[in-house]
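Peer 1:
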Amino acid sequence: MGGLCGWLGHGVNDPDAIDRMAAPLARFDGTPIESMQGHRAGAAVAARAGSAEVHRRDGLMVALWGHPVLTSADLAQQAEATGVAATLAAHWHDGRMDADQLCAALGGAFALCILDEHRGEAVLAVDRLGIHPLTWQLAGETLLFASSADALNRHPLARAQIDAQGLYNYVYFHMVPSPGTAYREQQRLLPGEFLHYRQGRVETRPYWQMAFREDGKRSFEDLRADFLAHLRGSVRQASAGAKIGAFLSGGTDSSTIAGILCEVNGQGADTYSIGFEAQGYDEMEYARIASRHFGTRHHEYYVTPDDVVAAIPQVAAVCDQPFGNASAVPAFYCARMARADGITRMLGGDGGDELFGGNERYAKQHVFALYERVPQLFRKALLEPAVFHFPGGERVRLLRKARSYIEQASVAMPARLETYNLLGRYGPQQVFTDDFLVSADIGQPLEALARTYGRSEAKSLINRMLALDLKVTLADNDLPKVMKACELAGVEAAFPFLDDAMVTFSAGLTPQQKLNGTQLRWFFKEALKGFLPMEIITKQKHGFGLPFGVWLQQHKTLQQLASDSLHDLKKRGIVRGAFIEQLTGQHLTEHAGYHGTMVWVLMMLEQWFRQREALR
1 MGGLCGWLGH GVNDPDAIDR MAAPLARFDG TPIESMQGHR AGAAVAARAG
51 SAEVHRRDGL MVALWGHPVL TSADLAQQAE ATGVAATLAA HWHDGRMDAD
101 QLCAALGGAF ALCILDEHRG EAVLAVDRLG IHPLTWQLAG ETLLFASSAD
151 ALNRHPLARA QIDAQGLYNY VYFHMVPSPG TAYREQQRLL PGEFLHYRQG
201 RVETRPYWQM AFREDGKRSF EDLRADFLAH LRGSVRQASA GAKIGAFLSG
251 GTDSSTIAGI LCEVNGQGAD TYSIGFEAQG YDEMEYARIA SRHFGTRHHE
301 YYVTPDDVVA AIPQVAAVCD QPFGNASAVP AFYCARMARA DGITRMLGGD
351 GGDELFGGNE RYAKQHVFAL YERVPQLFRK ALLEPAVFHF PGGERVRLLR
401 KARSYIEQAS VAMPARLETY NLLGRYGPQQ VFTDDFLVSA DIGQPLEALA
451 RTYGRSEAKS LINRMLALDL KVTLADNDLP KVMKACELAG VEAAFPFLDD
501 AMVTFSAGLT PQQKLNGTQL RWFFKEALKG FLPMEIITKQ KHGFGLPFGV
551 WLQQHKTLQQ LASDSLHDLK KRGIVRGAFI EQLTGQHLTE HAGYHGTMVW
601 VLMMLEQWFR QREALR
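With full-length UniProt numbering, you'll find the sequence shown wraps up at 616, consecutive numbering, no jumps.
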């Protein structure tokens, strides 16, 4: 997949520094690297043809990674002749646009750097949804940056000290949420954010934020026509300049992308699905239904426990931050199957849930929110005393359910979303060593969630949750999963639902069109009736979930890998040895599926450490 990297500042007299930084960006797929280095700055981009631009003039360097578009018609016309990077460079050089204006003029999926040696200024930016990441660090008065921390850490001034808070957040969320990283003093740009560096000082702020328009009055037919037009346009644009395949899980999002791809190309598309020989995990039949319905050229692969053993160190190697989403493994095998067929870009359905209201927790939180409408006096004076103090109530099933409902409904959002958090259930003091917890704030994850939740200006609960999930679920979790899996397999990834026009369209739907009572993604499903098979529209959400806990009980090699990893993790002084023994013994025997998740998260943490040590 590639990326970009570089620096601006003094103290670097190494002519090979930029090439050493860029090397990890092409480590897995061998993408070409284009670099430039001046007296005080250097920049490099690793990307396939058509996925990067660089421009250099008079001490000014501009590098773009991805597929950016200019939102202004005048700028787009200039870019047709000179390129996007050269257009941005000209407007920056002449002072016609400042950092805010330049970033706001960009759309699409991209990462940007502008390095001005004469002014001593730099601008970094990532796209609105955070598809292309950027990590940065201030080393003295030198700004370092890269799409991957593995590249940033190759700079001679980089400091790569492990951050206990980043590791704590990883175990809490199963990934490290931005802007944090696994390293002290390193941060990542948030989606829709830019960084402006001037004379040794750094300022970050948003250039774009999701703006929900909640009082729409357009007719359903008008909305449906626009929706389908945006779908066709975004799939057509995402398909340009590459041999295209599509992930197909059999869910509504991936099936929609596959169907539209067939429609815009006028022929059957290549679709790729993963299955598992494990009861309750294999959803291949729904992918087959979608494939038959649209006439795709369908390709299937059944992942085995041996495949998982082989992929674990590779997934840990490609992820520059600890990453515990186990579905990265099936995503990798899906993308690898496509690469073997000559596919160069895979289309994913990611973003549909976060734009149109497709996650089960949206309906669940709607039900909890109803409790807030009950008058407080009635709740506190009558209802809650009756429910919680009823003699023998713990033996009455209906009263137990009422207590559970009230307890959860009484927790403020967004903390209520983490009621069943796995680390919270175990207890941080039971999982981590005392020495480790001295350097970590156990309240920080919920505080960070609250800050993100509070940034949205949406009035409705559903839109506030969608705004939160666009950052935490999509940008921090699902997009890195697919991007890294594709990088490891040697293909690009594109996400038609995240097209700017589609995002804007979704923001104009009313809350009820996303969540109608407890009906998830109401408008989306109604608009696609007659296009998607009804079996797909009515199916429950699944995806490429990995039956790791089940296989861990049965497969000796997988057991050995997990055991060795957790044994070595104990030596790092992060996790209590007693907890690991209990986890792999009693807990895993009691409920393999549930506790297997924590085994995976801790195993991948140790594997991440090993891969970083191998890179030194």
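Note that beta-carbon positions come from the ideal geometry of N, C-alpha and C, so glycine has one too.
Tell me, please, whether the region 58-73 touches the region 108-124 by the rule of three or more beta-carbon pairs shorter than 8 Å.
Peer 2: Segments in contact, yes.
Peer 1: Among the residues of its own chain, which have a CB less than 7 Å from the CB of residue 482, if the five just before and after it don't count?
Peer 2: The answer, listed in chain order, is 331, 348, 350, 493.
Peer 1: Which runs of the alpha helix (DSSP H), 4 residues or longer, sit entirely within the region 26-108?
Peer 2: Complete alpha helix (DSSP H) runs here, min 4: 73-82, 84-93, 99-104.
Peer 1: Bridge partners of residue 298, per DSSP?
Peer 2: Answer by DSSP bridge pairing, in chain order: 271.
Peer 1: Do you know offhand how far residue 339's Cα is from residue 223's?
Peer 2: Going from the Cα of residue 339 to the Cα of residue 223 covers about 37 Å.
Peer 1: Pick helix, strand or coil for residue 343, following the three-state DSSP scheme.
Peer 2: In the structure shown, residue 343 sits in coil (DSSP, three-state: anything other than H, G, I, E or B).
Peer 1: Could you please give the first and the last residue of the uninterrupted beta strand (DSSP E) stretch that includes residue 486?
Peer 2: Careful: residue 486 lies outside any beta strand (DSSP E), inside the alpha helix (DSSP H) at 479-489.
Peer 1: Could you tell me the boundaries of the alpha helix (DSSP H) in which residue 517 lies?
Peer 2: First-last for residue 517: undefined, no H or E at that position.
Peer 1: In this structure, how does DSSP classify residue 230 when only helix, strand and coil are distinguished?
Peer 2: The answer is helix: DSSP assigns residue 230 an H, G or I state.
Peer 1: Using DSSP's beta-bridge definition, name the partner residues of residue 162.
Peer 2: According to DSSP, residue 162 bridges with 183.
Peer 1: Pick out whichever of 176, 387, 104 has its Cα sitting closest to the Cα of residue 471.
Peer 2: Residue 176 is the option with its Cα nearest to residue 471.
Peer 1: Given 8 Å as the limit, is there contact between the region 321-337 and the region 482-491, that is, 3 or more CB pairs closer than that?
Peer 2: Yes, the region 321-337 touches the region 482-491.
Peer 1: Taking the beta strand (DSSP E) that residue 136 belongs to, which residues open and close that run?
Peer 2: From DSSP, the beta strand (DSSP E) with residue 136 extends over 135-139.
Peer 1: Identify whether residue 114 lies in helix, strand or coil by the three-state DSSP scheme.
Peer 2: Three-state result, residue 114: strand.
Peer 1: Are the CB atoms of residue 588 and residue 552 within a distance shorter than 8 Å?
Peer 2: In this structure, residue 588 lies closer than 8 Å to residue 552 by Cβ.
Peer 1: Suppose contacts are defined by Cβ-Cβ distances below 8 Å. Is residue 154 in contact with residue 40 by that definition?
Peer 2: No.
Peer 1: Among residues of its own chain, excluding the 5 on either side of residue 83, which ones have a beta-carbon nearer than 6 Å to its beta-carbon?
Peer 2: Same-chain partners within the cutoff: 53.
Peer 1: So is residue 475 buried or exposed if we call it buried at 16+ other beta carbons inside 10 Å?
Peer 2: With 16 or more other Cβ atoms within 10 Å, it is buried.
Peer 1: For the 8 Å Cβ check, are there 3 or more pairs between the region 276-294 and the region 232-251?
Peer 2: A contact exists between the region 276-294 and the region 232-251.
Peer 1: With DSSP as the reference, identify every bridge partner of residue 205, one or two as the case may be.
Peer 2: In DSSP, residue 205 forms a bridge with 194.
Peer 1: Which ranges would you report for the alpha helix (DSSP H) in the region 340-404 if only whole runs of at least 4 residues count?
Peer 2: Correct list: 352-356, 360-369, 384-388.
Peer 1: With a cut-off of 8 Å, do at least 3 Cβ pairs link the region 447-463 to the region 299-315?
Peer 2: The region 447-463, when compared against the region 299-315, does not touch it at the 8 Å Cβ threshold.
Peer 1: If you count every other CB in all the chains shown that lies within 10 Å of the CB of residue 220, and 16 or more means buried, which is it?
Peer 2: Exposed: under 16 other Cβ atoms inside 10 Å.
Peer 1: What does residue 457 pair with, by DSSP beta-bridge criteria?
Peer 2: Bridge partners of residue 457: none, in fact.
Peer 1: Can you give me the C-alpha to C-alpha distance between residue 506 and residue 356, rounded to a whole angstrom?
Peer 2: Approximately 6 Å between the Cα atoms of the pair.
Peer 1: Keeping to the same chain, check which residues put their C-beta closer than 8 Å to that of residue 243; ignore five residues upstream and five downstream.
Peer 2: These residues qualify, in order along the chain: 342, 343, 344, 345.
Peer 1: Does the beta-carbon distance from residue 2 to residue 47 come in below 8 Å?
Peer 2: Taking 8 Å as the Cβ cut-off, residue 2 and residue 47 qualify as a contacting pair.
Peer 1: Do you know how far the Cα of residue 532 is from the Cα of residue 259?
Peer 2: Computed Cα separation, rounded: 8 Å.
Peer 1: Give me the Cα-Cα distance between residue 431 and residue 91, rounded to the nearest whole angstrom.
Peer 2: About 53 Å.
Peer 1: Considering only the beta carbon of each residue, do residue 114 and residue 123 sit closer than 8 Å?
Peer 2: Contact flag set, yes.
Peer 1: Does the distance from the CB of residue 270 to the CB of residue 295 come in under 8 Å?
Peer 2: No. Outside cutoff.
Peer 1: Would you please state the rounded distance, in angstroms, between the beta carbons of residue 550 and residue 278? I believe it to be under 8 Å.
Peer 2: Contact flag correct, Cβ pair sits at about 5 Å.
Peer 1: Sorted by chain position, which residues of the same chain lie with C-beta nearer than 8 Å to residue 233's C-beta, five sequence neighbours on each side aside?
Peer 2: Closer than 8 Å at Cβ, skipping near neighbours: 499, 501.
Peer 1: Which residue wins for smallest C-alpha separation from residue 314, given the options 22, 13, 604?
Peer 2: Comparing Cα-Cα distances from residue 314 to each of 22, 13, 604, the minimum goes to 604.
Peer 1: In three-state DSSP terms, what is residue 433?
Peer 2: Coil at residue 433, not helix or strand.
Peer 1: Quick check: what's the CA-CA separation for residue 412 versus residue 480?
Peer 2: Between residue 412 and residue 480, the C-alpha separation is close to 29 Å.
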